[in-house]
Structure formats: structure tokens, C-alpha cells
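Number of protein chains: 2
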Amino acid sequence: FETGKPGEVLENLDAYHPADAADLLEQLPRSVLSETAELLGEQFPTEILLELRDEYREIVVDNLPDAAISEAVNSLDSDDAALILEDLAEDRQSAILENMEIRDREELERVLAFDEESAGRLMQRDFLAAPEFWTVGQAVDHARANAEDLPDVFFEIYIIDPAFRVVGAVPLHKIMRTPRSVPLGQIAEEIEVEIGPDMDQEEVAYLFQKYDLTSAPVVDESGRLTGMVTIDDVVDVIQEENREDLLALSGVSSAGGFDTVVSSFRSRAPWLLINVFTAFIASGVISMFSATIDSYVALAVLMPVVVALGGNAGSQTLAVSVRGIAERELSGSAARRAIVRELLTAIINGIVFSAAVAVIAFFWFADVRLSLVIAIAMIGTFLWAGLSGILIPLGLQRLGADPAVSSSVFLLTTVDIVGFLSFLGLATLLLL
Amino acid sequence: FETGKPGEVLENLDAYHPADAADLLEQLPRSVLSETAELLGEQFPTEILLELRDEYREIVVDNLPDAAISEAVNSLDSDDAALILEDLAEDRQSAILENMEIRDREELERVLAFDEESAGRLMQRDFLAAPEFWTVGQAVDHARANAEDLPDVFFEIYIIDPAFRVVGAVPLHKIMRTPRSVPLGQIAEEIEVEIGPDMDQEEVAYLFQKYDLTSAPVVDESGRLTGMVTIDDVVDVIQEENREDLLALSGVSSAGGFDTVVSSFRSRAPWLLINVFTAFIASGVISMFSATIDSYVALAVLMPVVVALGGNAGSQTLAVSVRGIAERELSGSAARRAIVRELLTAIINGIVFSAAVAVIAFFWFADVRLSLVIAIAMIGTFLWAGLSGILIPLGLQRLGADPAVSSSVFLLTTVDIVGFLSFLGLATLLLL
């Protein structure tokens, strides 16, 4: 990559599948990647551009000339074209849009007007549609005659009525197995889900999983077919949503392979900052019992055990709950059942592990009352942790918030407070 | 569901899409679900059986008569049939297999012989294949003539040589747009990935994502085509692997919407049990400094701040690293870059947040030396947390272990030890 000859670099890249070439480029240091983009300019292969992860594609696009981007955008399906344009600064974006043919431009502007995480952004505007009275043979002949206008990849033909409303879909494998004379209406499958362009991409992904879809039509408010979403884009959404959940549970707002130190700091500092204050609230609770600790230093030795175990039990419940909500397993009676289950699990865990801790503490400090204090405090903390672990995410969900974001903060802070308060409070009552 | 009349129940269920009917059944209490399965018996709709989540399907299958299961298994593609059979106790499984036609039975036994998380289990044995000299027209005519033998759903025709080795694939949308006279070999696409029946399902899912596949052929050691994997099954795998990662990071071995209290306890107790011991190790560290705490009770008040912040910073790094490994972003030079980034992020976080904590501690206790002690201890703890957060998962991965499992235990235990040791140790040196 460092020879500086575009021809050689291109030859190297062409030897790979675009996805592998993109992997190779992602291994390069940031500066070499920018240089490569500049070097190749209009020759930068569009397929590789699409395969790059967001943060790398942004770097490349920033270093490509306008002409290269125009060319790429013109040759792509509308969803992919939007993907590239959305990375651009607004003035560059409008400059490139202005140089496009009026029809393509209007189409792209419509796509870009949709919310970034909506079905409208995910969909492409090319699709194959036919009236239900067409026969299989007519549909195939039409596709062959208009091969150039077809989307690059598609899995079904949509059946539309005269008002362009979707009334069904014929998967291509049904076209394959049906005689030419059969009308499409006769083999069409019902459309199971209605996807509007404003639907959140997470909802779209859920519907694809639930109904095992490979593609689905997108219809506007008046029921007219306006585009289609295909499974390859949905798989990316599934991964994205999963990443968000996992990171949010650990208090990270975003992360990618090319994060700089600055972006890492930015995505993690907010939760640590909140944690500074919550940690001092816990310290405040402890300081209320300074006198007790002063006369009974074993309390300082044992108190981290109470909150560590309670915090972990709570985090376990939280992970199970957040995942259950993400997989739509916790609605209606299932939610009630889960709350009861978590309550009972917390009671059992509390009894088992507080007994274990009490026994170990007794062998260490030979003080029955101390063992009793820690056992009672732990059962209380486990109960609190278990209930918070399910009620906080369910509550956040009911409020329309993301159940993964900030639920750890609430949980761990309150568990610390409950743990220290019950352990040191009981000790003050029973040991002094 | 409680009328006890199979006809009415069936009518109710038939009114819904199988996926929705399955959702409905999953809302029922365990006992009612068993009764419904018993009641419907052979009439239990196979499509709904497939849509149920694993733990619910197990309950239904346990309560269906052998005849009902035989019928379902006979009518299904081999991957779905295996899904139902694998839920059965071994003696019931072999009883049902014995009653099948010898060819179907051998096929199913071959599928069941593969490892549960392998491509062999994921694949179905029905597919459409043709030699490369066939024309588009011949392929379509063949499919129409043999419509009944085709798989229920498929997206491409595999091109095979005389030895049954796959040499390419023709997506159905290419069949649609190509004139009948064109030979398949001319429009075939290269097979980008070689999937063997023993490949781990996680690897299969990764390849599908990377190359945007909708289906892929599975070939045995000699290169012969033996089955195909389709995207709907892969999407389930992606969800499963994501769930495992998220739960493992919080110390839960498995979870599902129908978990009983017993299974919840079993999946969480191991990590809590380990945590009892690690918590006491941390207590042991604190008890080494009992004398120091005795004469300086503010240390007991502040020490949880050090380990809470350090633990959270470490969990953040861990989440980012585990996710990066899962998305294959951390190999080769990218891993080195990530280690450097985490080190620098830890230094910056350490400086920023130890300063914040030191200032708050100063306003509280008005003791410069105490603030200095907590600041130094925190920087050290952040460094340790950041490095463990990336090195532990990378190390586990290199050892061939799952980077998400047990890395939290290691991290949080060592952070506690480092935090208490540095804070209380420095205090003993500088404050007494």
C-alpha cells in the first residue's frame, strides 16, 4: 500500500473479495487509509466502500474527490447510496446531490429525509411488482425484458392492485416451481407484516426474525408500495442493536474498532462521572456508621462482601431481564411470571449464599452475632438486587426508555446503599 | 384454551400466523400448555411447533403422542425435523426413528450425529443443484417438473461438476433476469466461503454476515455438496450467540423466558459461589490493614469508591473488548492498537476521575495526604482495570476459550485486590 502506485494497489485489492479487501484496509493505520483513498480517487472500488465498517468508510469518503462519490452514488441502490451520502458534511452532500439527475436526486433526498434508524433508511426503492392477473410466464418475461431496471438482489415479486397497494408476495422459489400459465394471484402469499417507512429499525428486525422473512415491502400511509427491506440490511441492524445493549449494560455509549482515545474517553466518561457521585453517596452511608466501624473493625473487612455479592446477583438479573425484553419475551403475563421467578430466585440465592458467607465469617471472627448480622443484611440485599434487576428495566421500558441504558447505575447504586445501610445499621443495633 | 374442545382450540390457533399462535401459547402457564399439547395430539399444527422457542417446544413435544411427532418429522425439512427430535429422550427418539422409512431415517440419523452447534445441524439436506452446461430454461423446467422434491424455501441453484462438487451458485433473481438459452455456468457466481458440516455455527453466522449471504452450500471433506444453510436459521444463531455473550458477561450461564426458579438458580449459582471466595480474598486484603483502618476510619469510608470506579472502568473495557472480539475487529494489528488505546484511555480516565475524587475527598475530610493517597491508588487501579479489561478476553480467546465467560470474575476480583491493596497500603505508608 505504500508504493504510491494506484495501479498496484488496485491490483492487490482486486485479488480479494470486496469484504476481504475491506478487512485488509481496516487493518491499516488511519493515515495510510486516508492516503490510499486519496491515491485511488475515482478508482476506489465502490463494492469495497460498501463493505467498510461505518467509521472506516467515513475516513475514506472524506478523502475521496466529489467526482468519485458522485459516480459511486449513481451506480448504487438507493439505500446504499444514502449510506455513503450520510457520512458527508452537509455542504458536500448538497453539492453532490445537485450534480445528479433530477429523478435520482429527488429519490435520494426522500430517503435521506427519513430518520436515521427508520425503515425508510433501510429500504431500497427498487423492487419488482406485478398485478395479480399476470401469469408466472408474463412476470418472468417482463423481468427478462427489463433486467437492467431490477434491483441488484431480490427474493420476491410483490403483487399490487391498480392503486399500487401491496396485496401479496410471490417468493422467487415459487416462480421456479410453478408452470408459466398460473396467475401470480393464485400462488401469492399473504403479507404478514405492515412496515411503514417511519417504523424503527429495531421493530423491523424483530418482525424479520419472528416471521423468518427474507424481504418485506414498505408501504406509505396510503398503503402504496414505496420500497423493500432485505435481510442483509436487517442482519446488520440486529448486530447493531445487540452491540448497543451489551455496551449500554456496562455503561459504554458506543464503541467501534477504530475508536480513538478521545472517542473512547467520551463514550465512557459520562457513566464514570455519575459513578463518582453514586460512590460518594455510598461513602456517605458508611460514614454515618464511623463510630460503629471504629469499635468493630471487622465490619470494614466484611462490608465489601455484602455489596459485591448483592451487586453481582443484581447484574445477573438485569442481564436476563434486558435480554428478555430485547427478545420480546417479557410482555403481559410473562412479565408477571418473571417478577415472581426473580423474587423467588433472590430468596433462594439469598438464603444459600448468606449462609455460606455467615459460616465463613464465623470461622474467621468466631462471633455468632456478627455472622447473624451479615446473613440478615445479605438476604435483604439479595432481595433488593433481584427485584431491582427486573423492575428497573421493565419500568424503563414502560416509560419508553431503553431498558439497558442507565439501569446498571440505578441498580448498583441502590444495592450499595441498601447493603451498607442494612449491614452497618444492623451491626449498630445488635453488636454495640 | 380451557374449553377442552380440540376443535375450538384449533380454530382459535388457525386464525393466527403460526408465529403469532406460538407467541400466544408461550403466554400460557406451563401446565395449561402441556394440557393443550395433550388435547390436540396429532392435530397440533407442525408450523406452530417450529415457531415455539426451545424451552416451550420441549414441553409440547413431551406431551405429544409418538404418532404426532412421527407425522411432523416426516413432513419437515431435515434441519427442522432434527430440531424436534433433539428435544426427545433417547429412547423415544429411537422409537420414532425406527418407525420411519429407511431413507428418511438414515438421513436424519446423519444430521443428528453432527455436533449440536455445528453447520451439519443447521443445514438442510434438500437443495437444488444442476450441472453448469444446463441452460436457464432447462433448470426452470426441471424445477417445475420436480416441484415436490424441492426444498420448502431456497434462494439459489448450486452448480455441480460430475463428482458432485460445488463449482458455483446461481441466485434465483439471476434466473429471473436471464434468457432461457443462457447456460448456468455463464451466470454462476463464485462460492465465496467453504462451509464444512463440522464448522461451528458461530463461524457460519460470521461468514453469512461478512459476505451478505442468504444461503450457502455445505460440502463434506471430499468437496461433495451435502446440504445448504439458509439465512433464517443463521439469524437465530446470531441471536443465540449474542444472548450468550451478554449473559456470560454478567455471570449467567443461560436464560430463557420460561426458566423456572430452579433453572434460574442453577444458571446463576456457580458465579455467585466463586464470588463468595473472591469477595473473601478482598476481605483478607482489607484485614491486613485493620490497624490502619482502626486509627483512620475515613479509609473505610472511602475505600469502596476506589474499587467501585475501578471495577466499572474495567467492566466498560471488558464489554468493548468482548464485543470487538465477537465482531472480529480485534485481530493482528487491530488488537495491538486496541491495547494501546485502552492503556491511554485508562491513564486519562485515571487522571480525570482520581482528580475529581481527590477534590471531593479534600472538601470532606480536609486532609491533603488522604486526597493524595486516594488519587494515586485510583490511577493505579484504573490502569490495572483497563489493561485487564482488554488483555483477559484477548488471552482467553488465544487459549481457545470464550472471552466472555469468566472474564468478569477475573477482572473484578483483581481490581478489588489491587484497589484495596494500593489504597490501604499507601495510606499505611503515608498517613500513619
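The listed protein sequences derive, respectively, from chains G and B.
When we follow this note's numbering, the leftmost residue of the first sequence carries the number 688, and every step to the right adds one.
When we follow this note's numbering, the leftmost residue of the second sequence carries the number 688, and every step to the right adds one.
Quick reminder that beta carbons are idealized off the backbone N, C-alpha and C, glycines included.
All figures in this text were calculated on a predicted structure; none of them were measured in a lab.
With a 10 Å radius around the Cβ and a threshold of 16 neighbouring Cβ atoms, residue 1046 of chain G comes out exposed. Residues of the region 896-916 of chain G whose Cβ lies closer than 9 Å to any Cβ of chain B, in chain order: 896, 897, 898, 899, 900 and 901.
Residue contact check for residue 929 of chain G against chain B: a CB pair falls below 8 Å.
For residue 1043 of chain G, there is no enclosing beta strand (DSSP E); the enclosing alpha helix (DSSP H) covers residues 1020-1052. Taking C-beta separations shorter than 8 Å and ignoring five residues to either side along the sequence, the partners of residue 955 of chain G in its chain run 938, 939 and 940, following chain order. Rounded to whole angstroms, residue 785 of chain G and residue 797 of chain G show a C-alpha spacing of 14 Å. Contact check between the region 893-909 of chain G and the region 918-930 of chain G: three or more CB pairs, one atom from each, fall below 8 Å, which counts as touching. In the structure shown, residue 853 of chain G falls within a strand segment according to DSSP collapsed to helix, strand and coil. Under the 10 Å beta carbon count, residue 877 of chain B is surrounded by fewer than 16 other beta carbons and is classified as exposed. For the region 810-833 of chain B, residues whose beta-carbon sits nearer than 9 Å to a beta-carbon of chain G comprise 815, 826, 827, 830, 831 and 833. Here residue 913 of chain B has 810, 812, 884, 905, 906 and 907 as same chain residues with Cβ atoms under 8 Å from its own Cβ, once five neighbours each way along the sequence are excluded.
Taking one beta carbon from each stretch, the region 1096-1114 of chain G and the region 1045-1065 of chain G have 3 or more pairs nearer than 8 Å; the two touch. In this structure, the beta-carbon distance from residue 834 of chain G to residue 864 of chain B falls below 8 Å. For a cut-off of 8 Å, the C-beta gap from residue 1095 of chain B to residue 1005 of chain B is around 7 Å, short enough to register as a contact.
By the CB criterion at 8 Å, residue 844 of chain G and residue 815 of chain G fall inside the cutoff. Proximity of residue 748 of chain G to chain B, defined by a Cβ-Cβ separation below 8 Å, is not satisfied. Under the criterion of beta carbons closer than 8 Å, residue 902 of chain G and residue 918 of chain G qualify as touching, at roughly 6 Å. Judged by DSSP in its simplified three-state form, residue 771 of chain G adopts helix. Between the region 985-1000 of chain B and the region 956-963 of chain G, the count of C-beta pairs closer than 8 Å reaches three or more; the two stretches touch. Taken in chain order, the whole beta strand (DSSP E) runs of length 3 or more contained in the region 854-910 of chain G are 902-906. Nearest to residue 1070 of chain B by C-alpha distance, out of B:1105, B:718, B:732 and B:1025, is B:1105. Around the Cβ of residue 875 of chain G, a 10 Å sphere holds 16 or more other Cβ atoms; the residue is buried.
The alpha-carbon separation between residue 758 of chain G and residue 768 of chain G amounts to approximately 10 Å.
About 6 Å separates the CB atoms of residue 991 of chain G and residue 969 of chain B; that is less than 8 Å, so the two are in contact. Contact check for residue 760 of chain G and residue 783 of chain G: beta-carbon distance about 7 Å, within the 8 Å limit, so the pair qualifies. According to the DSSP assignment, residue 914 of chain B belongs to the beta strand (DSSP E) that extends over 912-917. Between residue 771 of chain B and residue 929 of chain B, the alpha-carbon positions lie close to 23 Å from each other. Residue state for residue 803 of chain B is assigned as coil, using DSSP reduced to three classes. Here the C-alpha atom of residue 788 of chain G lies approximately 44 Å from the C-alpha atom of residue 1022 of chain B. Considering only beta carbons, the part of the region 862-891 of chain G lying closer than 8 Å to chain B consists of 862, 863, 864, 865, 866 and 879, in chain order. Among the residues facing chain B, residue 938 of chain G is included, as its CB has a counterpart in that chain under 8 Å away. Spatial neighbours of residue 1097 of chain G in its own chain (CB-CB distance under 6 Å, excluding positions within 5 residues in sequence) are listed in chain order as 1079. For residue 709 of chain B, the uninterrupted alpha helix (DSSP H) segment begins and ends at 705-714. Within its own chain, the residues whose Cβ lies closer than 7 Å to the Cβ of residue 887 of chain B, once the five positions on either side in sequence are excluded, are 804 and 805, listed in chain order.
With respect to chain G, the C-beta atom of residue 1054 of chain B has no partner C-beta closer than 8 Å. With a threshold of 16 other beta carbon atoms within 10 Å, residue 728 of chain B falls short and is exposed.
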